[in-house]
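Number of protein chains: 2
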Amino acid sequence: MTKEELFENIKRKKSFLCIGLDTDIEKIPRHLLKTSDPLFEFNKQIIDATHHLCVSYKPNTAFYESMGAAGWESLEKTIHYLKDFKDIFTIADAKRGDIGNTSSMYARSFFGLMDFDALTVAPYMGEDSVKPFLNYEGKWVILLALTSNTGSADFQSNPKIKTGSGFLFEEVLETSKNWGNADNLMYVVGGTQAAMFADIRKIVPESFLLVPGVGAQGGSLEEVAKYGMNSQCGLLVNSSRNIIYAGNGDDFAQQARAEAEKMQKEMQGLLTSYLK
Amino acid sequence: MTKEELFENIKRKKSFLCIGLDTDIEKIPRHLLKTSDPLFEFNKQIIDATHHLCVSYKPNTAFYESMGAAGWESLEKTIHYLKDFKDIFTIADAKRGDIGNTSSMYARSFFGLMDFDALTVAPYMGEDSVKPFLNYEGKWVILLALTSNTGSADFQSNPKIKTGSGFLFEEVLETSKNWGNADNLMYVVGGTQAAMFADIRKIVPESFLLVPGVGAQGGSLEEVAKYGMNSQCGLLVNSSRNIIYAGNGDDFAQQARAEAEKMQKEMQGLLTSYLK
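Here the protein sequences come in this chain order: A and B.
Positions 1 to 276 (my numbering) are the ones given, in order, by the first sequence.
Positions 277 to 552 (my numbering) are the ones given, in order, by the second sequence.
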């Protein structure tokens, strides 16, 4: 999916919501455990109930790997199911990154075998760990820049670490512009870091930002939109637990839809206010 | 496995060799493709032929994931097979790392479900992304510090990035000492970076270093031993392609053994020379 197609979907759906499929066998409704593939069954019902309210889904691979080969099969079935929704941008939140020939193997997995649109990648190992993913025509790297967790202060925004560009995460943003551009690179910026969005937009004005941490982790959607939105929206705001675990009974999917609808409505207002 | 047990194995086997099971379906001998699980069959024959010459095996997850759920099954069978060798330290080279609750899921996968002794982890997301792995009694985190690839110069050892401790990788080493100690933390330091080993030993004198990049990537085993060895050896030197793809016919496992034996003999000499 191109940036323009993604923006068209955002305008049409009046939403820049990404739903995180952090599907945990210990948290899904108990009645699903009787099905042959509980993780997939949960995802399918969530997707059916919410796909008109969001523009993206983001399974986090950790939750599938924790189930072993069976979990990996659930992930494969989920991406296969998602591919039928042509207006959905699919993100594998895997935070991979390795030496060049090994990153190529990860690319084969997430872009070849599973056909995700995008993969989250950790920047620590530098250019040759990221490039193999960028070599896939039509696919996206979403590079970790400033994450939503407290540990982001250890290196990413540690004021004791000085670079030519400011904080370490700003050096990552600057350096990555030599590797790709706003048509194949996005960045993870935590919604808990709203104060940083204006500075980030100076470095990557055109790029999409994938924003976790709004909701359960405490970030404000209004502030993210105010400081982060650009002329093509430029934001995918992720919500996982708040939506997918909104309910725990037979009606969990309707409960998830209700939560997603609240966020979509708020986003509709923010698009009216802040889309430049 | 404790540090002391690992050192005992090193002394007894006169080897600090780790064999990287970067098992690529496109590179293994063709005759194995007829078996029901070619990746596992390859690994099993390599392990049977070489386990007396090394102290550790390190499957890189990328190669298994590239085969989907079937590859994940091959990985599970491989770790299960390895657990029968009580003198082998098992490393999942997965370079994971995510926000706390997600890292816990990865820990469940690699330490719970699969029972690896150690997991490689990327440091970019800081303390709460690493801690969940350290909470597993008897398990190890191997933190990326200074990797063997050219991209390591982008951030890890970029002289334009200044920290209280020197290079970024030195800040990572220093900071990580607040998270764990030489009994549950090791570090990845590329064998191509021999000039840095003396400086690294000043920061983490007691810790084991996992050293890739000797051989195919150009690092010198002699220099690594000279500058990196400590009183408990403190080194696991990894070789993957040079050993596992030494041969390509029916006798591939014997060829691998011959290559592993060459390294073991060299290591035996280096232990005599440099073990302090």
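Just so it is clear, CB atoms sit at the ideal spot from N, CA and C, and this is done for glycine as well.
For the stretch 468-496 of chain B, the set of residues with a beta-carbon nearer than 7 Å to any beta-carbon of chain A is empty. When C-alpha distances from B/E537 are compared across B/A522, B/T548, B/Y550, the shortest belongs to B/A522. A residue is called buried when at least 16 other Cβ atoms come within 10 angstroms of its Cβ; B/H356 does not meet this threshold and is exposed. In the DSSP annotation of this structure, the continuous segment of the beta strand (DSSP E) that includes A/S239 starts and ends at 235-239. In the DSSP assignment, B/S332 is bridged to B/C294, B/F365. In the three-state reduction of the DSSP assignment, A/V141 falls in the strand class, which pools E and B. Taking C-beta atoms under 8 Å as the contact rule, B/L512 and B/L486 qualify, at a distance of about 5 Å.
The DSSP assignment places complete beta strand (DSSP E) segments of no fewer than 3 residues inside the stretch 391-456 of chain B at 394-397, 416-422, in order along the chain.
Close to B/N524, with beta-carbon spacing below 9 Å, lies no residue of chain A; the smallest spacing is near 18 Å. What A/Y106 touches in chain B, judged by beta-carbon distance under 8 Å, is A338, E341, S342, going in chain order.
Assigned with DSSP and collapsed to three states, B/Y521 falls in coil, not helix or strand. In this structure A/Q156 is buried. Its beta-carbon is surrounded by 16 or more other beta-carbon atoms within 10 angstroms.
In the three-state reduction of the DSSP assignment, B/L486 falls in the strand class, which pools E and B.
Rounded to the nearest whole angstrom, the CA to CA distance from A/Q232 to B/E281 is 58 Å. By the beta-carbon neighbour count (other beta carbons within 10 angstroms, threshold 16), A/S74 is buried. By the neighbour-count definition (other C-beta atoms within 10 Å, threshold 16), B/R306 is an exposed residue. If you look at B/V500, you'll find it in the alpha helix (DSSP H) that goes 497-504. Ranked by Cα distance from B/K359, the options B/G467, B/D324, B/S405 are led by B/D324. Residue-level contact by beta carbon fails for A/M267 and chain B, as no gap is shorter than 8 Å.
Here B/V465 is bridged, per DSSP, to B/L422. In this structure A/L143 is not in contact with A/Y106, their Cβ atoms being roughly 14 Å apart against a cut-off of 8 Å.
Neighbours of A/S129 in chain B, taken as residues whose beta carbon is under 7 Å from its own, are N425, G427 in chain order.
Contacts with chain B (Cβ-Cβ distance below 7 Å) from the stretch 109-135 of chain A involve S109, L113, A122, P123, Y124, M125, G126, E127, D128, S129, listed in chain order. Residue-level contact check: B/D430 touches chain A, since one or more beta carbons of chain A fall below 8 Å from its beta carbon. A/A62 has its alpha-carbon roughly 15 Å from the corresponding atom of B/G344.
For B/A370, the three-state secondary structure derived from DSSP is strand. By the neighbour-count definition (other C-beta atoms within 10 Å, threshold 16), A/S36 is an exposed residue. Contact check for B/F392 against B/T366 passes: the beta carbons are separated by less than 8 Å.
A/L185 and A/E137 have their alpha carbons spaced roughly 12 Å apart. A distance below 7 Å between beta-carbons, with the five flanking residues on each side excluded, links A/A94 to the following residues of its chain, in chain order: T61, F110, L119, T120. With distances taken between CA atoms, B/L297 lies nearest to B/Q321 out of B/Q321, B/G456, B/T451, B/G510.
Among the residues of chain B, none has a CB under 8 Å from the CB of A/T23; the nearest is roughly 10 Å distant. Counting along the chain, the unbroken alpha helix (DSSP H) around B/K320 starts and ends at 314-326.
Within a 10 Å sphere around the beta-carbon of B/E317 sit 16 or more other beta-carbons, which makes this residue buried.
Here B/K279 is buried: its Cβ has 16 or more other Cβ atoms, across all protein chains shown, within 10 Å.
Here B/R288 is exposed, its C-beta having fewer than 16 other C-beta atoms within 10 Å.
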